Every structure is written in structure tokens, then in C-alpha cells.
Amino acid sequence: MGAADYDGLLDDEGVLLLGKLLRVTHLVNVGAHADIAKATGLRGGQFEVLLRLARHTGRTARINVLADQMSFSSGGFTRFVDRMERDGLLYRSPDPDDRRAVRVTITGLGDELLRAGLAAHAPGLRGRLLDPLSAEEQQVLHRVLDRLDRVNEALHPSVQTASPPSRSDGLPSSLRPGTGHGDKAGTGQLPSRSRLASARAQAGMPRTGSPNAAWA
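Counted the way the working numbering counts, the sequence shown spans residues 1 to 216.
Written out as C-alpha cells, the structure reads:
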């Protein structure tokens, strides 16, 4: 590769466009993570897990389905669910349609914190994503992103289920400290667990123990 070719690639249109997309995504996420953490104290990918669960019928889903949607390894997601269950945010139960499968369901506390997170999250996103654009520009952006999503999914059809985490915690990069929903923005630190403890106490839930019976 000659010097001219190299210099040209530095300013390649695709490289520049991806850089812009990543920068805007990062800046929007920084504010969103701060909003959610301040309102709820949710850590790491907890908000994202609760949000995806809430979109399933009955606010419950098979654990393997949810892991695929989150691009977790199966072992990593099991450990993550363990921590969320200890925090009283969700609970596990046998799947009535398949005794070999396990379902996860949002608890009352998880639903309460999800609602609080969304109440802070949605207005912040409106200010960062929607208000700067006209209604027409918003629709164009939706169409463009949908098209890019379809094209790239066709190019990499197994990306959701074959994204191996590069760390032993099983978290994909989008949910690691400093990058995922619930992290303190830009610091790579997790919010204090005191907010969870406080919410648990206000809801009359013990600080420890299984949430299954109280929050079915």
C-alpha cells in the first residue's frame, strides 16, 4: 500500500461515518447512563435486562432467549442473573412449557426501578436525540438505521448469538462499566448499591433472601 493510498484510507467516507456514529452514540450514552444511575442506582446492564424483559409478554422470558438478545455468553448471563436475583430485581422459575428451560421474570422492585429509570431516561433522550431534529429528520433517521440494521444483520446473521465476551464476567462491551446502561457516566465505576437497598427497604423487602415469593 502506497502513502497516497494510506492517506486516502484515513479519510475514507466509511471510516469517517462510523467515527461520527460511535461518537454520537457515546455522547448520548454518557448522559443516559447518568440519568438512570441517579434515578435508580441500577448497575451495569441491569436496566437493559429489565427493559428487554418488560417488552416480553407477561414481563417474562426464557433465560436463553434473553441471553441471546443481550449478546451474553450463557455462563456469563447466568452469573449476571444470579446477581440481579440477589438484588431482588427478577426471579427465576421453571418454564411450564419445557421443564428443561428456565424463565426469568421482573419482580415488583425491578418494575418499580425500571419505571423510575424510564421516567428519567426518556426525557433525557428526547433532549439529546429528538428535539435537535425535525419530525421529518427523525423519520429519515429511523429509515436509514432500519436499512443499515437489515443489511448488516444479513451479512452477519449469527452476530447476536456468537458474540463471545472478552472478559470473564460474561458482559458484552456495550454493558461493561463506563459503556452500558446504569454505569456512572464516563467513569467506569458502578453506582452505589445503597439506592437498591433503600428502594428495597421502602418496598418492605428484606435486604437479603430470595425475592420469589414476595415479588411473583
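Heads up, the beta-carbon is just placed ideally off N, CA and C, and yes, glycines get one too. None of the values given here were measured: they were computed from a predicted structure.
Limits of the beta strand (DSSP E) - the one that residue i falls within
i: Arg62; result: 60-62
i: Arg98; result: The identity of residue 98 in the sequence shown is Asp, whereas the question assumes Arg. Asp98 -> beta strand (DSSP E) spans 98-106.
i: Asp95; result: 90-95
Best match in the options for proximity to residue i [C-alpha to C-alpha]
i: Glu48; options: Lys20, Gly19, Met84; result: Met84
i: Val65; options: Ser134, Leu155, Asp97, Val102; result: Val102
i: Ser35; options: Ala119, Arg55, His56; result: Note that residue 35 is Asp in the sequence shown, not Ser. Asp35 has its Cα closest to that of Ala119, out of Ala119, Arg55, His56.
i: Gly41; options: Tyr6, Leu89, Ala67, Asp12; result: Leu89
i: Leu145; options: Gly14, Leu53, Leu21; result: Leu21
i: Leu114; options: Tyr6, Gly45, Asp12; result: Gly45
i: Asp97; options: Gly8, Thr57, Arg62; result: Arg62
i: Glu112; options: Leu50, Met70, Thr78; result: Leu50
i: Gln69; options: Thr107, Arg52, Thr78, Gly76; result: Arg52
i: Thr107; options: Asp95, Ala122, Arg99, Arg86; result: Arg86
i: Asn29; options: Gly14, Ala122, Glu136, Val104; result: Ala122
Residue i classed as buried or exposed, judged by whether at least 16 other C-beta atoms fall within 10 angstroms
i: Asp183; result: Confidence at Asp183 is low in this model, with a pLDDT of 35, below 50, so the placement of that residue should be treated as unreliable; the coordinate-derived value is given next. Answer is buried; the Cβ neighbour count reaches 16.
i: Gly110; result: buried
i: Asn152; result: exposed
i: Asp26; result: Here residue 26 is His; the residue named in the question, Asp, does not match the sequence. Classification for His26: exposed.
i: Tyr91; result: buried
i: Ala154; result: exposed
i: Val81; result: buried
i: Gly170; result: At Gly170 the pLDDT is 35, less than 50, meaning the model places this residue with poor confidence and gives no usable figure here.
i: Asp7; result: exposed
Limits of the alpha helix (DSSP H) - the one that residue i falls within
i: Arg126; result: Segment: none, Arg126 is in no alpha helix (DSSP H) and carries neither H nor E.
i: Leu155; result: 135-155
i: Asp35; result: 13-40
i: Arg52; result: 46-54
CB contact below 8 Å: residue i versus chain D
i: Glu13; result: Looking at the structure shown, chain D is missing, and only one protein chain is on hand.
Supposed close pair residue i, residue j - CB separation, criterion 8 Å
i: Arg128; j: Gly31; result: 6 Å
i: Gly117; j: Ala67; result: At roughly 21 Å, the Cβ-Cβ gap does not stay under 8 Å, so Gly117 and Ala67 are not in contact.
i: Leu125; j: Leu133; result: That belief does not hold up - the Cβ atoms of Leu125 and Leu133 are roughly 12 Å apart, past 8 Å.
Check: residue i C-beta below 7 Å from any heavy atom of the ligand ATP
i: Leu141; result: The ligand ATP is not part of the structure shown, which contains no ligands of any sort.
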